[in-house]
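Residue numbers (full-length UniProt numbering): 1 to 353.
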């Protein structure tokens, strides 16, 4: 799996990226009644304009190779979103996990003079320069998730909230344990790749949320975002801790291995929260027949949102639920907590591990 992987948060719904992404406010000298009466009509007109076919745009797309479920869904969601519009020509390049090959692929899209580029880089730092080349050539770049360090290298960024994932997991575990009257619980954390900033953000959010309940992580180990490591790490932690109250596993892909180790050990005295929002995890949560009781999202639907944003930018439009005339420069998506109570709602947007 890609060692620079950065993962997942909020679920997109609506053709024009409306509800929940951002909140805008304004001040005016108009009477309040006038503002309230005119705003819905303006929003409705903007939405109709965004949905209607407009100027044809060519959207170039580049992403890593599908070496795990989340990345596979990134490319699928992007392609599916593009198909919704008769005014969009979708121009993807061959996905790759080789940095130099991705740079060359993006350069080919620049040479083809696409109208806008959507890029999920293997590594934001290493693809920063080629993204800047696109921007300097007058081609807006929509940067997905793994951010380019130079803000001049992208017109808009959309991605998940890794810290928020940890916070969501911490609050779910903390509240569940408090409601059960558990004191001094044994809480384990299975990370992805410990050295990555995204993992460190997730762990910090988790620790900060647990503190609000007077809890802390008992033991922490990384599982490299792979099924095999998930199995091995979980087996080691289960052997080391004869009693466990809760586990947070950062990633539902590696969670397949974690759950396999738990089943092999015959342990069920604890509950587990996953991370990313895979369809596999959601079905397990719905069934409510094992230790997995929730997952916190970082879904690949952000790629579909990126295509919609790219179309709006290329056509000079803004987002229909905002008053501003242009698409925002940065959109951080929220992390949702999925339990058996709402799994059916989110399942259609899950990805297969």
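Using N, Cα and C, we set each Cβ at its ideal position, and we do this for glycine too.
Bear in mind the structure is a predicted one, so any value in this text is a computation, not a measurement.
Minimum C-alpha distance to residue i - residue among the options
i, options, result
"residue 347", "299, 320, 315, 319", "299"
"residue 329", "140, 247, 258", "140"
"residue 217", "301, 186, 81, 322", "186"
"residue 258", "289, 113, 238, 245", "238"
"residue 166", "201, 143, 149", "201"
"residue 55", "323, 345, 331, 313", "313"
"residue 284", "222, 303, 260, 304", "260"
"residue 306", "117, 98, 236, 71", "117"
"residue 254", "174, 282, 233, 301", "233"
"residue 309", "136, 68, 78", "78"
"residue 331", "142, 349, 286", "142"
"residue 236", "343, 302, 226, 221", "221"
"residue 352", "323, 277, 240", "277"
"residue 302", "286, 68, 74, 343", "74"
"residue 155", "280, 311, 82, 71", "311"
"residue 81", "256, 112, 304, 66", "304"
"residue 85", "50, 204, 244", "50"
"residue 344", "76, 282, 214", "282"
"residue 244", "112, 286, 291, 214", "291"
"residue 174", "112, 273, 150", "273"
"residue 287", "83, 262, 342, 72", "342"
"residue 176", "215, 76, 231", "215"
Cutoff 8 Å; reference residue i; Cβ partners in own chain excluding five residues on either side
i, result
"residue 355", "Only positions 1 to 353 of the chain appear in the structure, and residue 355 is not among them; the question remains open."
"residue 127", "99, 102, 103, 106, 119, 121, 148"
"residue 114", "58, 59, 60, 91, 139"
"residue 279", "347, 350, 351, 352, 353"
"residue 263", "290"
Close Cβ partners of residue i (< 6 Å) along its chain, the five nearest in sequence each way excluded
i, result
"residue 219", "188"
"residue 250", "191, 192, 202, 275"
"residue 89", "58"
"residue 229", "223"
"residue 157", "143, 147, 330"
"residue 256", "227, 353"
"residue 72", "66"
"residue 178", "213"
"residue 76", "none"
Burial state of residue i (16 or more Cβ within 10 Å)
i, result
"residue 138", "exposed"
"residue 289", "exposed"
"residue 224", "buried"
"residue 252", "buried"
"residue 297", "buried"
"residue 293", "buried"
"residue 212", "exposed"
"residue 265", "exposed"
"residue 136", "exposed"
"residue 247", "buried"
"residue 240", "exposed"
"residue 198", "buried"
"residue 322", "buried"
"residue 44", "Bear in mind that the predicted position of residue 44 carries a pLDDT of just 36, short of 50, making it too unreliable to give a figure here."
Own chain partners of residue i with C-beta closer than 7 Å, once the 5 adjacent residues on each side are dropped
i, result
"residue 34", "Because residue 34 carries a pLDDT of 31, less than 50, the predicted location of this residue cannot be relied on, and the following value inherits that uncertainty. No residues qualify anywhere along the chain."
"residue 133", "110"
"residue 130", "103, 106, 107"
"residue 87", "53, 54, 55, 56, 57"
"residue 315", "54, 55, 57"
"residue 29", "Below a pLDDT of 50, predicted positions are generally treated as unreliable, and residue 29, at 30, falls in that range; the measurement from the model is reported next regardless. None."
"residue 150", "128, 132"
"residue 153", "128, 131, 132, 135, 141"
"residue 204", "163, 166"
The stretch 334-352 touching the stretch 259-270, judged by at least three CB pairs closer than 8 Å: Touching, no, given that fewer than three Cβ pairs across the two stretches are closer than 8 Å.
Segment contact, 8 Å Cβ cut-off, at least three pairs: the stretch 160-176 with the stretch 206-217: Enough Cβ pairs lie closer than 8 Å, so yes.
Cβ contact (3+ pairs, closer than 8 Å) linking the stretch 60-72 and the stretch 89-102: yes
Inter-stretch contact at 8 Å, needing at least 3 Cβ pairs: the stretch 192-200 / the stretch 174-182: no
Inside the stretch 271-332 only - beta strand (DSSP E) runs reaching at least 3 residues: 271-276, 292-297, 330-332
Every unbroken beta strand (DSSP E) within the stretch 36-109, with a cutoff of 3 residues, ordered by chain: 57-62, 88-92
Start-end ranges of the beta strand (DSSP E) lying completely within the stretch 103-177, minimum 3 residues: The qualifying runs are 116-119, 141-144, 156-159.
Contained alpha helix (DSSP H) runs [length at least 4] in the stretch 188-234, N- to C-terminal order: 197-211
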